[in-house]
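All remarks here apply to the structure that follows.
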Amino acid sequence: MLNTAIPIAFALLTAAQLLNLYRLLKGPTLLDRILALDTMYIDAIAMFILMGVYFHSTVYFEAALIIAVMGFIGTVATSKFLMRGDILE
Amino acid sequence: MIFFIELLVSFFLVAGAFFALAGSIGTFRLPDFFSRLHGPTKSTTLGVGGMAIASAIYFSFHGEGISLHEVLITLFLFITAPVSAHFLAKAALHQQLHQNKSGQQGDHRSSDR
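Protein sequence lines correspond, in order, to chains G and Y.
If you use this note's numbering, the first sequence closes out at 89, no skipped numbers anywhere.
If you use this note's numbering, the second sequence closes out at 1113, no skipped numbers anywhere.
In structure tokens:
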């Protein structure tokens, strides 16, 4: 059962990443590109969790957690920079 | 018993990936920025939560002991996704992006795909 579910989930996530990549390259405004990057890191976390199940390894949790923290900080920093022109005030 | 656990893990994996794909389709197709913000902040977060639940069930029954690392990832994402969406919406309001009032695709700045 898992041998069929994991490739299906990988295919769906790859399609999601391709749609995000299209929005990242095409996005009319800068905020669309930031939103696309935000979605891309969340999907990357999902792919890391899926790889952890696939390879039966627990190494990927820490990588996923670090990606979550760094991606959140990046999104907030770029949004604040667009709002104020300055990150720390 | 093992078959039932495997069925549950497979269901959560495929459902999570489907919700992530739904969020990305939302970013791909919706006409302006404020409506594009809906997809990733709700649907994709739910998808990652589903996949983390699947991973927690899998490692709880195949590893040693109960595995709760994934719940940490889910909790962090559920806390931070509304915050980042709020910041993005505030930046968009500050930049005065035009909203698509009529529901059609007629906005001059943010509606062309």
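Using N, Cα and C, we set each Cβ at its ideal position, and we do this for glycine too.
- Proximity to P1082 (chain Y) across Y:K1042, Y:H1069, Y:V1048 peaks at Y:K1042, based on C-alpha coordinates.
- For the stretch 28–52 of chain G, the residues whose beta carbon sits under 7 Å from a beta carbon of chain Y are, in order, P28, T29, L31, D32, I34, L35, A36, D38, T39, I42, D43, I45, A46, I49, L50, G52.
- The three-state reading of DSSP puts H56 (chain G) in coil, since its state is none of H, G, I, E or B.
- In the three-state scheme derived from DSSP, where H, G and I count as helix and E and B as strand, I66 (chain G) is classed as helix.
- Using a Cβ-Cβ cut-off of 9 Å, L25 (chain G) does not count as an interface residue toward chain Y, since no Cβ of chain Y sits closer than that to its own.
- Between the stretch 7–16 of chain G and the stretch 44–52 of chain G, the count of Cβ pairs shorter than 8 Å is three or higher; the stretches touch.
- Of all residues in the stretch 1029–1040 of chain Y, only F1033, R1036, L1037, G1039, P1040 come within less than 8 Å of chain G when Cβ atoms are compared, listed by chain position.
- For I1066 (chain Y), the closest Cβ of chain G is not nearer than 9 Å.
- Counting along the chain, P1082 (chain Y) sits inside the alpha helix (DSSP H) bounded by residues 1069–1095.
- Contact check between the stretch 1021–1040 of chain Y and the stretch 1053–1067 of chain Y: fewer than three CB pairs, one atom from each, fall below 8 Å, which does not count as touching.
- Interface annotation, F1061 (chain Y): not in contact with chain G, CB-CB separation never under 9 Å.
- Here A68 (chain G) has I45 as same chain residues with Cβ atoms under 7 Å from its own Cβ, once five neighbours each way along the sequence are excluded.
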